[in-house]
Every structure is written in C-alpha cells, then in structure tokens.
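See structure below.
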Amino acid sequence: AFVSIIDGDGYFGDIAPDGGIGDNSGDVFVVSADYSCPVGHEMTFELTVGTDGGYSANIVFDLAIGSILSYDPTSFTVTTQPGSIEERYLTLTNNSDNPLSYSIWTEIDILSNDNENGWSSSEGIKKRPEPLGYRNPDHGKAGAKYEPYFPPIITGQGGPDNYGHRWIDSDEPGGPTYSWIDISSIGNPIYFGSDIDDGNSGPLPLGFSFYFYDNEFTSINACTNGWASFTDGNSVEWGNPPIPNSEPPNNMLAVFFDDMNLEHGGTCYFYTNNADTAIVTWDHVPDWRQEGIFTFQIILVAPARITYQYAEMGPGRLDECSIGIENQNGSDGLEVVYNASYMHSNLAIAFYTDWLSAFPASGTVNPHDSLDVTITFDASMLSEGTYIGNINLQSNDPNHQDEDIPCTLILSTIYDSDVGVSAILDMPDTMFNGLEYSLKSEVSNYGTETQTFDVIYEVYTSGSSSAEVADTFTIVDMPNGVDTVTFSRTFTPTVDTTFEFVSYTVLEGDLNNSNDTSAVSNRSFSFASLWYGNVDGSPISGSPNSNINVDVYIQCFEGAYIADLHVCLGAYDQYIADLISDIEGEFYYPITDWEIALWTDPFGHPPNPEGWSSQSFVGYANPSGPPNPWLYFDTPTRILTFVVVSVDNPGLIGDTVQCFGPGLNPELSMDRTFARDTTGIGYYMLNENFSELCFIAGCDFVPGDVNGDDNVMGNDVTFGVRYFKGLGDPPPDSCWNDSTSSWLYSAGDVNGNCQFTGSDVTYLVAFFKGYNASILWCPQTPPAGYAVLSRNIHQTPATLPKE
C-alpha cells in the first residue's frame, strides 16, 4: 500500500564483453513511496535481469523511508569585534508527514585561523599527579574526612574536557581581565534559611536562558560552601571533591568549593539584569576554621559565558578548595585546581569552548514544522582575523543525511555600518525622590557610512520587565563621530529602590551589535533636611568685627536613622575672616554616642577660594550595630553650632549675604554635605536651607547696663524694677529694630527675646546668682563690636544620654 512501481521498457543495446553501459534514467523502473509510509519502514525488492542469450540474474535491494529536510541559511558569514558574542539561527524545516531527527557537530579549521592565540591549540586533559599526602581540613566537624593534597598549580590555562571546555586565568597572556563587580547595593541578599553554615538557596531566576553542557537553564541554586548548581537545590555538600565526580552536586559551578560558614559573618548576594547577565557573590565569607575571609563571585553572561572572580582571599586555606565546572551526572567536567596551591586575590578565571557552537545540538522536528537552532559565534578571547568553521548537519532525510554548512567569522574593529550608545550621560550615582532627571545618551557612529537610526531610552525598576519611562529619538544622516541625544521625556523617582537605565540604538543592517547598548544602575533615596541658621529662614544679624553664632538643624524623613554625617561650612572671604567651633576652644555637638564626632581643620586659612569649605563637621556611628533611635529627628533639631568671625570692615553695614553654603574640604576626600543610613549603604540627600547674614551697624550699649552707667551691676536690677513699677525713668539706651519697626530698650533685653519685660529683670537676677551663664541680646539690635563669648541657647539642643 505504501509503494508504487511504474513499468519501464528498458533496452540497452549490445554490451561488449567485460564492458558496461551508462545510466539511462528514462529506461528504468521507478519505485515511489507514499508520504504515509512511516519513517524507518524498510522494504525489500527483487529485480530480475535477463539477456537474449538466456542469461538471467536476480538483484535484491532495500528501500528505507525517511523525512524531508530543508534548512536556511546554507552558510554563515559573521562580522563583529574581538571580545563579542554573536548569535545567529539555523532554521530546520520538516516538509514531510514524518518526524525529522537531526544531529549537529561544529568544527573549526585551525589552520585557516590567522590568530595564533585564539583557542587554536590544546594540550588536552592532563593527568593529576600523585598526592603529596593526606589531611583532615575540618578536624572536629562531624563527617570530616581525610583528603589528598597536591603540588602547586603552575599553569594559567587548561583543558579541554570531553565537551570541549577550556579555562584560562587573568595571569595568563590573552586571559580575562580581573574587574570586580560590586552587587552589594544592587543585588539581593540570598536567604539560606536556618542553616547558614551549610545552606542551599534557590532556584534563583536568571531572567534569560543559559546553556551549559548542551542543556538550557533559566535558574540557578547557590550553596554557602562556594558552589552553585543549575539543578541541585537540596545538596549542602561541604567536603570538596575532585572534578568531575558523580556524587552530588552536579550541573555544578565550583567557584571556591570549600567548607564556608556564614555563622561567623559575611553575606551572599544575587543579581540579574533579566536580560543577559547574572552574578552570585560570596562577600567576606569565612571558612569553618576561620583561617581566612573570602570574597568571590560567579558571572554568567548569555548564552554560555562563565567567569569566576576573586577579590580578597585568605590568608589561610587557599590550597584546600575545588575550582571547576561539571556536567549533569559528573561524567564530564573541567578542573582548575583540587587541594593545591593556586588561588590568590584579584584573580579572574574564564571558561570557554570553541568559537563555534550550536544549541540544541540534536533533536526532532515535528511534521510540517520548523525549529531554530542557535548558532553562537563567540569571539570572547579572539583577536582580529578571519576564522573558518563548519556546521555538520546529519538527519534521517535520505537526500540530506550529511550536510556541511560553511561558517566564516571575521573579527574587525571597523565596520561600514556600526552605531551604538557609548554612554548614558548626567545620571548621578545616587538619585533623590521628587527630583526630575533629564535622560541623555552619548551616541556614536563607529562606522564609515552616514547613518539614520533610532535611539531608545528606557528606565526600569530593578527586577521588573515593564519600563517606567520609554522614549525614542531619531538621528538623521549622522556621519562618523559622537553626538549627544536629550530625550523629551524625563524621569522623577518616587520610591527608595534601584533603577536600571538602558539606552540602545536600532539600525537595520548594523554589522556590530556588541556596542549597541549602554546601561547603568542607580539607587534613589528620600530627602533629609538641613538648616544653616534659623529654621524659619529669617536673617541672622551681626556686625563687622564680631563673632556670630550660627546653629545647624537637621530633620529626617520617616524611617531614616542617620549614622554618618558630613557638614561643610562654606564661607565668602570678603565677609568672613574665619570659622571656629567656639572662641573658647570648645566645639558643640549633641551626638554624644557616635564613635567619631569632630571638627576638621580648614584647608589653609581664609581668604579661601570662593566655594571652598573653610571647615567641616564629621559624625560617624557604627553602621553594623542596631539603629540608634536618637539619631532620628522628626522635627528640626539643633545638632551643632559654629561661630562666624566677621571681618573688620564697617563698609559691610547694610549688606545681606548667604555665606554658609557647603563647599569642598580637600582634606576630607568628600565633595559634599551628606548623611548616610545605619546600613552604610544608603546616602540621603540633605535638602539644605540657608539663612542670610545681615550686617547692621549695631547700637551703642552694653547688654545688661539697664541704667546706662556703662557697668553691669546689681543696681541695674533695681533700676529695672523701679521702671516697671512706674517709679523710675526708662532705660537711657534704646535701639531701632528694623524687623518690628520699633524702638527697643536693648540694654535691658538680657534674655535676647527682642523685648524688654519683667522677665528680663528675673533673668538678670539669675545671672548674678550664677544660674544663667551669660547675658544675651536681641539679634536684630546687636551691640556695636560686641564679642559673643557663649553659645546661643535659644533652642533646646538634641542632647543624647550615654548608654
């Protein structure tokens, strides 16, 4: 039922002795198999051939039924830059009613590659030497076993394993560059449950597909003991084995497999950009014996790039670990080191395969369906040049059982069509809620041709795939060079979180996609407020050649506990001769429980260049301890007082200036006024408010000299009492107060509230008895040339008790 035979009248003429005839396809039998015939079905045919001389022979042959394959393209030519990864797709189509099975092998022509360093040679898998001895690295821990230890590893590269992986480190020429990626502020701490000595956490979603030993994964599990696995979320193995090993964990990334213990400190973090990069970091994690502190990380970049990085390592136990990779059942793996001296700080290790690979390398295409096979051209560690490879495609299509698809990889740094976003501009590392930020990109035409293309800018909340802001700008006829794009939309953060800023170009026919995109991650915080002078913004009055107290107040938003504060005290030298903490040599600050709270010396002495800080105040609490509730001020609270020493220049009378703006104190390595929270991570922007300094002539009086005899004595009390009882004259000295448009008996206003009342007599009595430290005066009517010898006590300071 599956086969049709069409008769043919074949005549071949005379055949010479020991001779033959050519093919005559028009004079043969045609055997046709129906589409309904199942794949793999075999049929046997017998053909009888005779001659007119009476000779006859029987010829037996088999007919096997297969599928019908078509594929596109029939060759690949990829042009890109050294260090990049390009993906293309080979489309396999099954044009039959039967399943199509296929297998793919990739091959590289080593001799044709004109780069002598580009993965073109291998020494193969080296045999591990005999151990130097045995030791118990975790003596005293239940289950601890003796392990072998080996001579030092003196090479910086190795492999391949059976799959074709190789490794190379940053100490080797042509190896990766060590460049630590700090994810402590953008990643999430990994939760290991109740057992933080031997814990496993996951699955942690990558947000993209990652290929490992011909398998596709979208999540990973992390163990406290310096390894990760794409599949093993249960094992907490701490005894590091040689690699490969069939015992769990498998599908493993052994970045620093050893017995780590987070009970003694350290944190693990996970970060993904949900596009192509994921990072797992072990940050300052000690080992079980506490012989060292270790900081290392795994970096995964789609589709299959693996990099290990090591920051601060040791000092002890560096020769007791396993480093490498391993497949799903431990039958294959690549070992860098096992219980031998090799590791040191500031090191990177890259794992790679040949530059040409395919995934999935085998499979089945359903009838009348298509499948895209990802072909990866990985130039991560190749230099400029031309590389030749081949894709060998085998299938159960009898007409396409063994196909070759040529591949050419051209690595160049210059292309005809090549544009990209080279940088995201003017986006500060720290943002603050409620502020509006412009969106700007630096765009480059790297190529030789003029281009018209789109530039996209997108803002995402970290971990989200939905853009908060998206905008497009079209650049027309841009020649080779650099330009700046300012988008019409802006971004205003409203919550304390991390945002991802991504900008990229879209150009049809772009020959180099590796430089299309730039991205940054920044965190946004809420405000805290700082006041220099009066909270209500009213001016501070003073006179030339005098000392003027300036109070500093702070107010925090809900949930902010300030643990680190730097206040710059700027000064304009034409108005201010110096800034001091107190002319008696004492400085005032109420943060008595901080570890450090001090005034820093000015950079030189006034006159200072405009905008420089003459002096700074620095306070620091222990951010690793519990939040200090007394450092949270929900109302404006005075935290320090400093003294402005004005210049001796009567010509300043009538001037009103803002001269307390923060600036730079070059001795501090801090370029701004800031506050930081108790975690030591978040910076709060201080919304700074400034009172102006108003220079007035002052008034000719002595504070407290109520009777005008130029002395402050007990008879001034008597004079004031008689005045208020209506039995005596008013005080002889009075001054005009511009703020109230009235006269004030300034010498009698000893409590400084800009009024002369009976309370001033009471205050003066307390002063003579020693209950009040000093005599005050109204700031709007200061005495001419009078030096202030005590700090302003109009406001209650934020005094904090010692624990």
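Using my numbering, read the sequence shown as starting at 1225 and increasing by one per residue.
Glycine included, every Cβ here is placed at the ideal spot set by N, Cα and C.
DSSP has residue i in a bridge; who is on the other side?
| i | result |
| --- | --- |
| V1881 | L1917 |
| P2007 | C1923 |
| Q1533 | Q1521 and A1572 |
| Y1995 | For Y1995, which the question treats as bridged, DSSP gives no partner whatsoever. |
| T1722 | R1747 |
| G1587 | Y1326 |
| M1702 | Q1675 |
| D1626 | Q1618 |
| M1605 | Paired residue(s): none; M1605 is not in a bridge. |
| T1696 | I1680 |
| E1912 | L1754 |
| K1664 | L1649 and T1710 |
| Q1381 | I1392 |
| A1446 | S1425 and A1452 |
| W1960 | W1967 |
| G1516 | P1539 |
| V1730 | D1678 |
Beta-carbon separation of residue i and residue j under 8 Å?
| i | j | result |
| --- | --- | --- |
| T1716 | L1663 | no |
| I1523 | I1410 | no |
| E1450 | F1494 | According to the sequence provided, residue 1450 is Gly. The question's Glu does not apply to it. Result no, Cβ atoms of G1450 and F1494 do not sit closer than 8 Å. |
| L1316 | V1589 | yes |
| D1385 | A1585 | no |
| G1609 | I1332 | no |
| V1774 | F1697 | no |
| P2007 | C1918 | no |
| G1388 | D1602 | no |
| S1581 | G1307 | no |
| T1301 | T1632 | yes |
| I1648 | F1575 | no |
| P1956 | G1932 | yes |
| H1624 | L1293 | yes |
| L1635 | S1668 | no |
| V1706 | V1679 | no |
| Q1381 | D1393 | yes |
| G1972 | G1944 | yes |
| S1511 | C1492 | According to the sequence provided, residue 1511 is Asp. The question's Ser does not apply to it. Going by C-beta atoms, D1511 is not nearer than 8 Å to C1492. |
| P1468 | E1461 | no |
| S1619 | L1324 | yes |
| S1958 | Y1947 | no |
| V1869 | E1916 | no |
| L1486 | T1519 | no |
| S1738 | T1722 | no |
In the DSSP assignment, find the alpha helix (DSSP H) that holds residue i and state where it starts and stops.
| i | result |
| --- | --- |
| I1942 | As written in the sequence, residue 1942 is Thr, which differs from the Ile given in the question. Unbroken alpha helix (DSSP H) run through T1942: G1938 to F1948. |
| A1990 | G1982 to F1992 |
Our contact map puts residue i next to residue j with C-beta atoms below 8 Å; I'd like the distance itself, whole angstroms only.
| i | j | result |
| --- | --- | --- |
| P1591 | D1321 | 5 Å |
| P1768 | V1871 | 6 Å |
| L1731 | D1640 | With 8 Å as the limit, L1731 and D1640 do not qualify as a contact, their Cβ atoms being about 11 Å apart. |
| N1961 | Q2004 | 5 Å |
| N1913 | S1753 | 7 Å |
| N1474 | S1443 | N1474 to S1443, Cβ: 16 Å. No contact. |
| N1570 | A1528 | Going by Cβ atoms, the distance from N1570 to A1528 rounds to 25 Å, so no, they are not a contact pair. |
| Y1681 | V1643 | The Cβ separation is near 15 Å, so there is no contact. |
| N1657 | S1762 | About 29 Å; that fails the 8 Å criterion. |
Start and end of the beta strand (DSSP E) containing residue i?
| i | result |
| --- | --- |
| N1616 | G1609 to S1619 |
| N1424 | N1424 to F1436 |
| M1655 | T1654 to F1656 |
| A1300 | As written in the sequence, residue 1300 is Phe, which differs from the Ala given in the question. Start and end: F1300 to T1304. |
| W1506 | T1501 to P1510 |
| W1967 | S1966 to L1968 |
| Q1675 | Q1675 to T1685 |
| F1454 | Unbroken run through F1454: none, as it is neither H nor E. |
| C2002 | Unbroken run through C2002: none, as it is neither H nor E. |
| R1862 | T1861 to S1870 |
| L1310 | For the record, residue 1310 in the displayed sequence is Glu; it is not Leu. Here the beta strand (DSSP E) through E1310 covers I1309 to N1318. |
| E1175 | Residue 1175 cannot be examined here, being either before or after the span of the chain that is shown, 1225 to 2027. |
| N1773 | N1771 to Q1779 |
Residue i: beta carbon under 7 Å from a heavy atom of the ligand GDP?
| i | result |
| --- | --- |
| T1729 | The model on display carries no ligand, and the ligand GDP is accordingly not part of it. |
For residue i, would you say it is in contact with chain C, using Cβ-to-Cβ distances shorter than 8 Å as the test?
| i | result |
| --- | --- |
| G1243 | Protein chains in the displayed structure number just one, and chain C is not present. |
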